[in-house]
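Participant: So for the sequence shown, this note's numbering puts the first residue at 575; every next one is plus one. Here it is, the structure in full.
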Amino acid sequence: MSRWTLLLVGLVATLALLAAACGTAEEDDEETTEPAEPTATAIVITGSAADPTATPSMDDMDDDMMDENVSVSGIPLDPDARYGGTLQIAYTSHSPSFVPWESAAGHSFEVAQMLNNMLIKPRTWGTEEDFNNFAYFELHPDLATDWEQSENGLAYTFNLRDGVNWSDGVPVTCNDIKWSFDTIRLQQDAGLPTSPRKTHYLAVDSIVCPDDLTVVFNLRWAKPAMIEVIGQPYNVIFPAHIYQTEFLETGALTSFREEPSKATTGAYRLAEYIPGEIFVFERNDDYWDQPLPYLDGVEMRFLGPGSSQLPPALRAGRLHIGSPNGYTGGQADTLLQECTEMCQFWQNRIIASSFSPALFINKEREGWMQDQRIHEAFALAIDNQAYITTVRNDWYELPVGCGFYPTSPWAMPRERCGQITGFADVVPETREARAAAAAADKERAIQLLDEAGYNAENPLVVDFTVWSPIQGDAPQFINDLAAIGVTAEPDVQESATAYGNWATANFDFGVHSFWIAGIDPDVTLYEHF
575 MSRWTLLLVG LVATLALLAA ACGTAEEDDE ETTEPAEPTA TAIVITGSAA DPTATPSMDD
635 MDDDMMDENV SVSGIPLDPD ARYGGTLQIA YTSHSPSFVP WESAAGHSFE VAQMLNNMLI
695 KPRTWGTEED FNNFAYFELH PDLATDWEQS ENGLAYTFNL RDGVNWSDGV PVTCNDIKWS
755 FDTIRLQQDA GLPTSPRKTH YLAVDSIVCP DDLTVVFNLR WAKPAMIEVI GQPYNVIFPA
815 HIYQTEFLET GALTSFREEP SKATTGAYRL AEYIPGEIFV FERNDDYWDQ PLPYLDGVEM
875 RFLGPGSSQL PPALRAGRLH IGSPNGYTGG QADTLLQECT EMCQFWQNRI IASSFSPALF
935 INKEREGWMQ DQRIHEAFAL AIDNQAYITT VRNDWYELPV GCGFYPTSPW AMPRERCGQI
995 TGFADVVPET REARAAAAAA DKERAIQLLD EAGYNAENPL VVDFTVWSPI QGDAPQFIND
1055 LAAIGVTAEP DVQESATAYG NWATANFDFG VHSFWIAGID PDVTLYEHF
């Protein structure tokens, strides 16, 4: 995103999980080097098994695949799990398409994860202690059974799970993996209009298939975070025999983008879909990763951007799990106070700072967007503590990682963070001192605007593109900018519209949700800068 100035401010989305309060239960290119032969030992990470309990029948499974403690892929089985029931969840924005590779919000991510699998995947099980100890950054087998890295770091070889078929009976092979990742990294050359994370794959020289059950990623140069990049949760695998054929025949991926996956491998099958209203998923009894899933089904309803409907839906039991967005910290506090039956709640105010709003300016446009003094003035205008208190009801700490995962070895010290323009107010220990630092920043912002030719006689008015899932954050930013004499006129856009405009640089100034995309700084820096 070299064409954008990115201003990280405040702390936004909660990592807390709200169960129903009164409801039922859960680089630039470099010269190419010769691809290396994979020779090193496997680096698979596996979880420890839970105590065995009664599980659904696994009579149809091969004896060598059976372990009463874990699923086929090695996921520890929860001894206290309840089988059956339908989980009620919600989505509050629409994606540009059904392809999670080209977005990070809306319905596409949840739908793809329900219906299909990944090559390798982040850990999705554990305790609150595991959460606090970074366990959810571990990577585990999914369609791959194991993998290995060459000694020089220039090749990663994945062995695929034998016997996994698409729902139309076609076996999953290396070509599905190759086509999926080639489409992500080649973008328009492969028929994908946008691919926000393709820069992660600049190091990839080729993806090859020695045979149907082996896939090799050959790199131009060693990339420390390559495994973490491959395991990012966006990277759901889709059927090449359907969509590669569609692209070769039509030169586009129209049905791929406009419809749910036509063939699937995942834990659920799509039973009903009403556009803009609801997705109904039913348990896939033939799912290869037996005895999972636990649930009979999942219903995902659209509750509108924002969404003010989330708190009443939680109260009424129409929603079992809350979204990170859609209510203020105060509303969440009220929901927790009302919770008298079942309520699972995890909150770590420090780790929550891995989610922050990002204000960004389009430097490709002429006018004020080209003036670095105005960029700095906007950064100085934002009062981080006021945002946390006013918008998030003090649910979060001031940034402790400053762009890197808090509490990790790479977290930026608070004092160093405070040296970055706009973050002086994160250093003081008291709120009074923070307020004083924020006020001083605003005075400096006014001076910079005046130097750039904007003042009371010639006020700066800007178009402010707001991503709809976090539109509740916008008023505080608008107030902060007004305090330095800038009028921000908001244009709230659904994900599909916003992503399209950002991808084509069709905006002046906007706000999106910044989150720490991985524990490795290599991932974070590629993702956001």
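C-beta: ideal position from N, C-alpha, C; glycine also.
Given that a residue counts as buried once 16 or more other Cβ atoms are within 10 Å of its Cβ, and exposed if not, what is ARG966?
Facilitator: buried
Participant: Can the beta-carbon of GLY1084 be found less than 7 Å from the beta-carbon of THR1039?
Facilitator: yes
Participant: Ordered along the chain, which non-local residues of its own chain (more than five positions away) have a Cβ less than 6 Å from that of ALA686?
Facilitator: Excluding positions up to five away in sequence, the list reads PRO674, VAL810.
Participant: Answer with buried or exposed for ASN858, where buried requires no fewer than 16 other C-beta atoms within 10 angstroms of its C-beta.
Facilitator: Around the beta carbon of ASN858, 16 or more other beta carbons sit within 10 angstroms, so the residue counts as buried.
Participant: If we count the other Cβ atoms within 10 Å of its Cβ and call it buried at 16 or more, is LEU954 buried or exposed?
Facilitator: buried
Participant: Would you tell me roughly how many angstroms separate the C-alpha atoms of ARG771 and ALA796, rounded to the nearest one?
Facilitator: For ARG771 and ALA796, the distance between alpha carbons rounds to 18 Å.
Participant: Could you round the C-beta distance between PRO696 and PRO807 to whole angstroms and report it? I think they count as a contact, below 8 Å.
Facilitator: 6 Å
Participant: Kindly identify the DSSP beta-bridge partner or partners of TRP1041.
Facilitator: GLN1067
Participant: Going by DSSP, what residue range makes up the beta strand (DSSP E) through GLU642?
Facilitator: No beta strand (DSSP E) contains GLU642, which DSSP labels as neither H nor E.
Participant: Between which two residues does the alpha helix (DSSP H) holding PHE952 run?
Facilitator: Element bounds for PHE952: 946-955.
Participant: Grab me the residues of ILE801's own chain with a C-beta within less than 8 Å of its C-beta, minus the 5 sequence neighbours each way, in chain order.
Facilitator: Taken in chain order, the residues that qualify are ILE617, ILE694, LEU713, TRP721, GLN723, TYR730.
Participant: For VAL778, count the other beta carbons within 10 Å of its own beta carbon; 16 or more makes it buried, fewer makes it exposed. Which is it?
Facilitator: Buried, because 16 or more other Cβ atoms sit within 10 Å of the Cβ of VAL778.
Participant: Is it buried or exposed, GLN911, if we count other Cβ atoms within 10 angstroms and call 16 or more buried?
Facilitator: exposed
Participant: Measuring straight from C-alpha to C-alpha, what distance separates ARG759 and LEU776?
Facilitator: If I take the Cα positions, the gap works out to 8 Å.
Participant: How would you label TYR657, buried or exposed, when you count the other beta carbons within 10 angstroms and need 16 or more for buried?
Facilitator: exposed
Participant: GLU1068 to GLU989, Cα distance in whole Å?
Facilitator: 37 Å
Participant: When you compare the stretch 665-673 with the stretch 745-755, are there three or more beta-carbon pairs, one atom per stretch, that lie closer than 8 Å?
Facilitator: Output reads no: the stretch 745-755 does not touch the stretch 665-673.
Participant: Would you give the residue range spanned by the alpha helix (DSSP H) that ASP1015 belongs to?
Facilitator: In the DSSP assignment, ASP1015 falls within the unbroken alpha helix (DSSP H) covering 1005-1025.
Participant: Just to confirm, is the Cβ distance from ASP999 to ASN1053 under 7 Å?
Facilitator: no
Participant: Using a 10 Å radius around the Cβ and a threshold of 16 neighbouring Cβ atoms, would you call ASN690 buried or exposed?
Facilitator: buried
Participant: Please classify TYR665: does DSSP put it in a helix, a strand, or coil?
Facilitator: strand
Participant: On the three-state DSSP scale, how would you describe THR719?
Facilitator: Of the three classes helix, strand and coil, the one that applies to THR719 here is strand, per DSSP.
Participant: Would you identify the three-state DSSP class for THR788, choosing helix, strand or coil?
Facilitator: strand
Participant: Give me the Cα-Cα distance between SER1087 and VAL872, rounded to the nearest whole angstrom.
Facilitator: 26 Å
Participant: Tell me, which residues are paired with LYS695 by DSSP?
Facilitator: Answer is HIS714.
Participant: Using the Cβ count rule (16 or more neighbours within 10 Å means buried), how would you classify THR627?
Facilitator: Residue placement at THR627 is poorly supported in this model, since its pLDDT is 28, which falls under 50; the coordinates are not used for a value here.
Participant: Okay, do the stretch 1046-1066 and the stretch 1006-1024 touch, 3+ Cβ pairs below 8 Å being the bar?
Facilitator: yes
Participant: Give, in chain order, every unbroken run of the alpha helix (DSSP H) that is at least 4 residues long and sits entirely within the stretch 753-825.
Facilitator: Qualifying alpha helix (DSSP H) stretches, in chain order: 800-804, 814-824.
Participant: If you run the structure through DSSP and keep just helix, strand and coil, what is ASN1075?
Facilitator: Helix.
Participant: Please list the terminal residues of the continuous beta strand (DSSP E) segment that includes ASN733.
Facilitator: 729-734
Participant: Which residues does DSSP pair with LEU1034 in a beta bridge?
Facilitator: VAL1060
Participant: Can you name the start and end residues of the alpha helix (DSSP H) that GLU702 belongs to?
Facilitator: Boundaries of the alpha helix (DSSP H) around GLU702: 702-706.
Participant: Taking a contact to mean a Cβ-Cβ separation below 7 Å, would you say GLN864 touches VAL646 in this structure?
Facilitator: Closer than 7 Å, so yes.
Participant: Please state the DSSP three-state secondary structure of ALA1048.
Facilitator: helix
Participant: Go to PHE683, then tell me how far its alpha helix (DSSP H) extends in each direction, as first and last residue.
Facilitator: 681-689
Participant: I'd like to check one pair, PHE855 with MET688: are the Cβ atoms closer than 7 Å?
Facilitator: yes
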